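Trainee: These protein sequences, in sequence, are chains A and B.
Here the numbering used here = 1-based position in the first sequence + 43.
Here the numbering used here = 1-based position in the second sequence + 203.
Cβ atoms here follow ideal geometry from the backbone N, Cα and C, with glycine treated the same way.
This structure is a prediction, so every number in the text was calculated from the model and none was measured.
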Amino acid sequence: MKKLISFLRSMKFGIILLALIAACSAVGTLIEQGQEVSYYAANYTSIHGILIKTGLTDIYHSWYFLALLALLCLNLTLCSIVRIKSVVKADKTALETSAVVPALVKLNSDGVAELEKFLADKKCKASSVGESRVYSRRRIGRYGTFITHVAILLTVIFGALALYLPKTTDMTCFPNEYVVAQDGSKIYVDSFRIEDAEGNLDFTSEIRVVKPNGKTSLPTEISVNHPMTFGSLKVYQQTYGTAGSVTARVIDTGVEDVFIMDEVSFLSIDGVNGLWYEAVYPGYVKDEEGNITLITSTQGSYVDPIYEVQLSSEGEYTPVLAFPGDKLEINGIEFEFNAPVEYPGLRIKYTPEIVNALLIAAFSLMIAGLYITFFMPPVLVKTDSTGYTVCGPKTEQLKLELKLLLQDYEAAEEIQEEEKEE
Amino acid sequence: MNILFFAVLALYFAAVLLQFAGVMFKKDKVAKIAWFVFIAAFAGNSIYILIRGIVAHRLPLSNQFEFATAFAWGIALLLVVLKAKKHSDWLATITMPAAFLVLSYAALQPKEITELMPALRSAWFGLHIGSAVFSYSAFVLAGCAGLRRILTAKKKEENHELKLQQMDFLSYRLIGFGFLLLTVVILSGAIWAEQAWSAFWTWDPKEVWALITWIIYAVYLHLRLRGKKDGNFLAWYVILAVPVVLFTFAGVNTLMSGLHSYG
Ligand code: HEM
Numbered sequence: 044m045k046k047l048i049s050f051l052r053s054m055k056f057g058i059i060l061l062a063l064i065a066a067c068s069a070v071g072t073l074i075e076q077g078q079e080v081s082y083y084a085a086n087y088t089s090i091h092g093i094l095i096k097t098g099l100t101d102i103y104h105s106w107y108f109l110a111l112l113a114l115l116c117l118n119l120t121l122c123s124i125v126r127i128k129s130v131v132k133a134d135k136t137a138l139e140t141s142a143v144v145p146a147l148v149k150l151n152s153d154g155v156a157e158l159e160k161f162l163a164d165k166k167c168k169a170s171s172v173g174e175s176r177v178y179s180r181r182r183i184g185r186y187g188t189f190i191t192h193v194a195i196l197l198t199v200i201f202g203a204l205a206l207y208l209p210k211t212t213d214m215t216c217f218p219n220e221y222v223v224a225q226d227g228s229k230i231y232v233d234s235f236r237i238e239d240a241e242g243n244l245d246f247t248s249e250i251r252v253v254k255p256n257g258k259t260s261l262p263t264e265i266s267v268n269h270p271m272t273f274g275s276l277k278v279y280q281q282t283y284g285t286a287g288s289v290t291a292r293v294i295d296t297g298v299e300d301v302f303i304m305d306e307v308s309f310l311s312i313d314g315v316n317g318l319w320y321e322a323v324y325p326g327y328v329k330d331e332e333g334n335i336t337l338i339t340s341t342q343g344s345y346v347d348p349i350y351e352v353q354l355s356s357e358g359e360y361t362p363v364l365a366f367p368g369d370k371l372e373i374n375g376i377e378f379e380f381n382a383p384v385e386y387p388g389l390r391i392k393y394t395p396e397i398v399n400a401l402l403i404a405a406f407s408l409m410i411a412g413l414y415i416t417f418f419m420p421p422v423l424v425k426t427d428s429t430g431y432t433v434c435g436p437k438t439e440q441l442k443l444e445l446k447l448l449l450q451d452y453e454a455a456e457e458i459q460e461e462e463k464e465e
Numbered sequence: 204m205n206i207l208f209f210a211v212l213a214l215y216f217a218a219v220l221l222q223f224a225g226v227m228f229k230k231d232k233v234a235k236i237a238w239f240v241f242i243a244a245f246a247g248n249s250i251y252i253l254i255r256g257i258v259a260h261r262l263p264l265s266n267q268f269e270f271a272t273a274f275a276w277g278i279a280l281l282l283v284v285l286k287a288k289k290h291s292d293w294l295a296t297i298t299m300p301a302a303f304l305v306l307s308y309a310a311l312q313p314k315e316i317t318e319l320m321p322a323l324r325s326a327w328f329g330l331h332i333g334s335a336v337f338s339y340s341a342f343v344l345a346g347c348a349g350l351r352r353i354l355t356a357k358k359k360e361e362n363h364e365l366k367l368q369q370m371d372f373l374s375y376r377l378i379g380f381g382f383l384l385l386t387v388v389i390l391s392g393a394i395w396a397e398q399a400w401s402a403f404w405t406w407d408p409k410e411v412w413a414l415i416t417w418i419i420y421a422v423y424l425h426l427r428l429r430g431k432k433d434g435n436f437l438a439w440y441v442i443l444a445v446p447v448v449l450f451t452f453a454g455v456n457t458l459m460s461g462l463h464s465y466g
């Protein structure tokens, strides 16, 4: 049992886990992930069954990948708990323990003076303990790896929450209408545009959110990279589209209504006579004989919009191409074609607010931990009249530095010392 | 613009040739000239990036060509900094060709300035990609230091052990620096992805390969700490990690499809 635990918290086990996670991740980029069964049947004919059964087609959600991550968390937790105790203890007793070690590198007296000047210039705190002097600085450096590991652990945990807790849906909404979000909030789209004033692609909506309890957000512009956050809702400007707009007017009474359509629709009062709306296209090309070829797709706004419709009269269909401003009349109803309407595709994400905040805190902690680890190594040097010893963890840089600095002062009988990590 | 680019490429190439000649025939003067030519190439490289940024009105880091140009520049910059700190007279012979090869890769890419797609217009763009430039450059230099160590290990020079230790330590320092920055790349990328696409992490191939690279260097750091592997092993390790970095940089975009396929 003891053996098992000591393996579970060992760096060796950690390295094995990391290697396995990397290997699985690589496999996941070689096999297309999360496709339909038919995709695998077509591309991996004979082995597709095995691929699916072994989870290789959705490896990042397979039980063994999640198990590896869980084991990594366990490993990191155990090793961090065990190590932090000894790190704190070593830090607390650093002065006493380093004072009593013998001077491993022997120097002549000029060398010692040079060294002490060097350490004082480095703003080390000097303390005299008996015959020895101990120079120390940047104790925080001892905690860099601990902070890093805790941050990694928290990142995995909060990251998993941030990936699996949110509920995300995509919706389209015509300007001046609203959609209802997962939590019952209403999202009003007050306006939308695909291009900015200079004609650059820059799709932007102006929206307001009204919570079920009546709390209302300020009107806010959203665009790609600039979602709106309101409590636990986040609204993204995701895509955009262009819909046809037709005003139908009863000629006798003057009663009219505007219809905005992004799919085939039939506008009719009696169900027989009326207008079949097919689509609106971004533009067209006219050749010398006056034949029109439709342009079916564009990136930005529609430049020369053109409607494709059919008039239905007593069971007879007449295809018609119409332009904004055109009017068609059928059985006492007038259909007027308006400029098409640009509308946004919104992505609405609902997450507990705290999760994102915690995750970003863990990110920051990781960066801080790594910075401390690599750029703030602690300094702990014991000197006496015969020479010096570099003590504590992470001594490599200082040892090399001092060795180069003091080469000329070294006394003959230098004691070789094994590199030793705490 | 293109003339300046190819002039820079030619200067790097000249520096490489001169440096090789200087080292082979043990002519210090030639090596010194090589260094001046290299500095000229580096200066030209910097000016090219600057001009491109001014013309494009944005950070010139948005496609393979621009990134590779900055990558070569980053390698050159690190070499200049290390040389200024007197670390690396011995690193130039290996690093100069690395800078040249990366810029040659850039030369093969389409060079027009294109407008940024909306997803790239973000404050995170600079941090995310800028960190990647320096991170990858540091990893390449660490690999160069590893290669140099392997080549040196056979010769018995004065102060042999200390030199080997220095090379190993330089690799380590560079990897520490690169690792910190790669962490910045991944985490800033995650925050950005959440702003742009709503999820912090989507297992997109580019993300995954950045993670694999990160893990590979994390394993290096731990193997080195455990102290059970000797310097030669670690040197081979940092050399063999470089192709993974290059794959993450270029291979993923060319061979796999995903959200990061910007061209
Ligand atoms: C998830 C990935 C991990 C990362 C990114 C990571 C990162 C680091 C870093 C940057 C260092 C400092 C290296 C140096 O000073 O040269 C370190 C040290 C260390 N790591 Fe990890 N680590 C990870 C996982 C683990 C795991 C799973 C263990 C399991 C036991 C572990 C155990 C240790 C130990 C014992 C040290 C030495 C601590 C010290 O010097 O104070 N690490 N790690």
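Suppose the cutoff is 8 Å on Cβ atoms and the five residues either side in sequence are ignored; what does the same chain contact list for F309(A) look like?
Mentor: Sequence index remark: in the first sequence, residue 309(A) carries index 266 (1-based). So the list reads G317, L318, W319, Y320 and S355, once near-sequence residues are dropped.
Trainee: Against chain B, which members of the stretch 62-82 of chain A pass a CB distance test of less than 8 Å?
Mentor: Correct list: A62, I64, A65, S68, A69, G71, T72 and Q76.
Trainee: Can you give me, in chain order, the residues of the stretch 192-211 of chain A that have a beta carbon less than 7 Å from any beta carbon in chain B?
Mentor: Cβ contacts with chain B come from G202, A205, L206 and T211.
Trainee: Can you name the start and end residues of the beta strand (DSSP E) that W319(A) belongs to?
Mentor: Position 276 of the first sequence holds residue 319(A). Looking at the DSSP string, the run of the beta strand (DSSP E) that includes W319(A) is G317 to Y324.
Trainee: For K431(B), count the other beta carbons within 10 Å of its own beta carbon; 16 or more makes it buried, fewer makes it exposed. Which is it?
Mentor: The residue labelled residue 431(B) in the question sits at position 228 within the second sequence. Result: exposed.
Trainee: Does chain A have any CB closer than 8 Å to the CB of R429(B)?
Mentor: On the second sequence, position 226 is the one that residue 429(B) refers to. It does: the Cβ of R429(B) has a partner Cβ on chain A nearer than 8 Å.
Trainee: Roughly how many whole angstroms lie between the Cα atoms of E269(B) and K314(B)?
Mentor: Taking the second sequence and counting its residues from 1, one reaches residue 269(B) at position 66. Taking the second sequence and counting its residues from 1, one reaches residue 314(B) at position 111. Computed Cα separation, rounded: 8 Å.
Trainee: Spell out whether any CB of chain B is found under 8 Å from the CB atom of F217(A).
Mentor: Taking the first residue of the first sequence as 1, we reach residue 217(A) at position 174. Not closer than 8 Å to any Cβ of chain B, the Cβ of F217(A) fails to qualify, so no.
Trainee: Is T282(A) near G435(A), with beta carbons less than 8 Å apart?
Mentor: As a position in the first sequence, residue 282(A) is number 239, starting the count at 1. As a position in the first sequence, residue 435(A) is number 392, starting the count at 1. Not a contact, by the Cβ cut-off of 8 Å.
Trainee: Are any of the Cβ atoms in chain A nearer than 8 Å to that of I278(B)?
Mentor: Locating residue 278(B) in the second sequence gives position 75, counting from the first residue. Chain A, which has no Cβ nearer than 8 Å to the Cβ of I278(B), makes this no.
Trainee: What separation, rounded to the nearest whole angstrom, lies between the Cα atoms of K46(A) and W293(B)?
Mentor: Locating residue 46(A) in the first sequence gives position 3, counting from the first residue. Locating residue 293(B) in the second sequence gives position 90, counting from the first residue. For K46(A) and W293(B), the distance between alpha carbons rounds to 47 Å.
Trainee: Among all the DSSP beta bridges, which residues are the ones paired with F273(A)?
Mentor: Counting from 1 along the first sequence, the entry for residue 273(A) is found at position 230. Answer is L276(A), bridged to F273(A).
Trainee: Is it right to say S68(A) is buried, meaning 16 or more other beta carbons lie within 10 angstroms of its own, or is it exposed?
Mentor: On the first sequence, position 25 is the one that residue 68(A) refers to. Classification of S68(A): buried, given that the 10 Å Cβ count is 16 or more.
Trainee: I'd like to check one pair, M214(A) with H425(B): are the Cβ atoms closer than 8 Å?
Mentor: For the purposes of this step, residue 425(B) is identified with residue 222 of the second sequence, where counting begins at 1. For the purposes of this step, residue 214(A) is identified with residue 171 of the first sequence, where counting begins at 1. No, Cβ-Cβ distance for H425(B) and M214(A) is not below 8 Å.
Trainee: State the start and end residues of the unbroken alpha helix (DSSP H) segment that holds G412(A).
Mentor: In the first sequence, counting from the first residue as 1, residue 412(A) sits at position 369. Run containing G412(A): E396 to F418, per the alpha helix (DSSP H) assignment.
Trainee: Closer than 8 Å by C-beta to F189(A): which residues in its own chain qualify, once you throw out the five before and the five after it? Chain order, please.
Mentor: Counting from 1 along the first sequence, the entry for residue 189(A) is found at position 146. Only S123, R126, I127, V130 and G412 meet the Cβ criterion.
Trainee: For E457(A), I'd like the list of residues in its chain whose CB is within less than 7 Å of its CB, leaving aside the five on either flank, ordered along the chain.
Mentor: For the purposes of this step, residue 457(A) is taken as the residue at position 414 of the first sequence. For E457(A), the predicted structure reports a pLDDT of 46, less than 50, and the residue's modelled location is therefore unreliable. A value from the coordinates is still provided. Correct list, in chain order: V148 and K149.
Trainee: Could you give the distance in angstroms between the alpha-carbon of N248(B) and the alpha-carbon of A217(B)?
Mentor: As a working mapping, residue 248(B) is identified with position 45 in the second sequence. As a working mapping, residue 217(B) is identified with position 14 in the second sequence. Rounded to whole angstroms, N248(B) to A217(B) spans 14 Å at the Cα level.
Trainee: For R351(B) and chain A, any beta-carbon pair shorter than 8 Å?
Mentor: Here residue 351(B) corresponds to residue number 148 of the second sequence, with the count starting at 1. Judged by the 8 Å Cβ criterion, R351(B) is not in contact with chain A.
Trainee: Report buried or exposed for F209(B), applying the criterion of at least 16 other Cβ atoms within 10 angstroms of its Cβ.
Mentor: As a first step, residue 209(B) must be located in the second sequence, where it is residue number 6. It counts as exposed.
Trainee: Kindly list, in the order they appear in chain B, the residues whose Cβ is closer than 8 Å to that of M54(A).
Mentor: Reading the first sequence from its first residue, position 11 is the one you call residue 54(A). Within chain B, the residues near M54(A) are H425, L428 and R429.
Trainee: Any idea what DSSP makes of A466(A), helix, strand or coil?
Mentor: Since the first residue shown for chain A is 44 and the last is 465, residue 466(A) is missing from the structure and cannot be characterised.
Trainee: Quick one: which unbroken beta strand (DSSP E) runs of 3-plus residues sit fully inside the stretch 281-354 of chain A? Chain order, please.
Mentor: Fully enclosed beta strand (DSSP E) runs of 3 or longer: 299-304, 308-311, 317-324, 326-329 and 335-338.
Trainee: Answer yes or no: does any C-beta atom of chain A fall closer than 8 Å to that of M299(B)?
Mentor: Your numbering for residue 299(B) matches position 96 in the second sequence. Not an interface residue.
Trainee: Starting from Y393(A) and walking both ways along the alpha helix (DSSP H), at which residues does that stretch end?
Mentor: Along the first sequence, read from residue 1 onward, the residue named residue 393(A) stands at position 350. Looking at the DSSP string, Y393(A) is not in any alpha helix (DSSP H); the run it does join, the beta strand (DSSP E), is V384 to Y393.
Trainee: Residues in the same chain with beta-carbon distance under 6 Å from D451(A), minus the five sequence neighbours each way, listed in chain order, please.
Mentor: Here residue 451(A) refers to the residue found at position 408 when the first sequence is read from its first residue. Taken in chain order, the list of residues that qualify is empty.
Trainee: Going along chain B in order, which residues have a C-beta closer than 7 Å to the C-beta of F235(A)?
Mentor: Taking the first sequence and counting its residues from 1, the one referred to as residue 235(A) is at position 192. Within chain B, no residue comes near F235(A); the closest Cβ sits about 14 Å away, beyond 7 Å.
Trainee: Within the same chain, show all residues whose beta-carbon is closer than 8 Å to that of V307(A), passing over the 5 residues directly before and after it, in chain order.
Mentor: Within the first sequence, the letter at position 264 stands for residue 307(A). Excluding residues within five positions, the ones whose Cβ falls inside 8 Å are W319, Y320, E321 and A322.
Trainee: Would you mind telling me which residues of chain D sit closer than 8 Å to M409(A), beta carbon to beta carbon, in chain order?
Mentor: Any reference to chain D falls outside this structure, whose protein chains are A and B.
Trainee: Closer than 8 Å, Cβ to Cβ, to anything on chain B: give me those residues from the stretch 382-394 of chain A, in chain order.
Mentor: So the list reads R390 and K392, given in the order they occur along the chain.
Trainee: Using a Cβ-Cβ distance cut-off of 8 Å, determine whether E464(A) contacts chain B.
Mentor: Here residue 464(A) refers to the residue found at position 421 of the first sequence. Caution is warranted here: a pLDDT of 39 is assigned to E464(A), below 50, making its placement in the model unreliable, and the coordinate value is therefore given only provisionally. So, interface residue.
Trainee: Given that W412(B) touches chain A, what residues does it touch there, using C-beta distances under 7 Å?
Mentor: The sequence position of residue 412(B) within the second sequence is 209, counting from 1. Ordered by position in chain A, the residues that pass the 7 Å Cβ test against W412(B) are T72.
Trainee: Kindly give me the distance between the Cβ atoms of V445(B) and F372(B), rounded to whole angstroms, as I take these residues to be in contact under 8 Å.
Mentor: For the purposes of this step, residue 445(B) is identified with residue 242 of the second sequence, where counting begins at 1. For the purposes of this step, residue 372(B) is identified with residue 169 of the second sequence, where counting begins at 1. Between F372(B) and V445(B) the Cβ distance is about 18 Å, and since that is not below 8 Å, they are no contact.
Trainee: If we ignore side chains and look at the alpha-carbon of each, how far apart do S234(A) and I250(A) end up?
Mentor: Taking the first sequence and counting its residues from 1, the one referred to as residue 234(A) is at position 191. Taking the first sequence and counting its residues from 1, the one referred to as residue 250(A) is at position 207. S234(A) and I250(A): Cα-Cα distance of roughly 7 Å.
Trainee: Against chain A, which members of the stretch 337-351 of chain B pass a CB distance test of less than 7 Å?
Mentor: Flagged: no residues at all.
Trainee: What do you get for V428(A), buried or exposed, if any count of 16 or more other CB atoms within 10 angstroms of its CB means buried?
Mentor: Your numbering for residue 428(A) matches position 385 in the first sequence. Before going on, a small fix: residue 428(A) reads as Ser here, not Val. Exposed, because fewer than 16 other Cβ atoms sit within 10 Å of the Cβ of S428(A).
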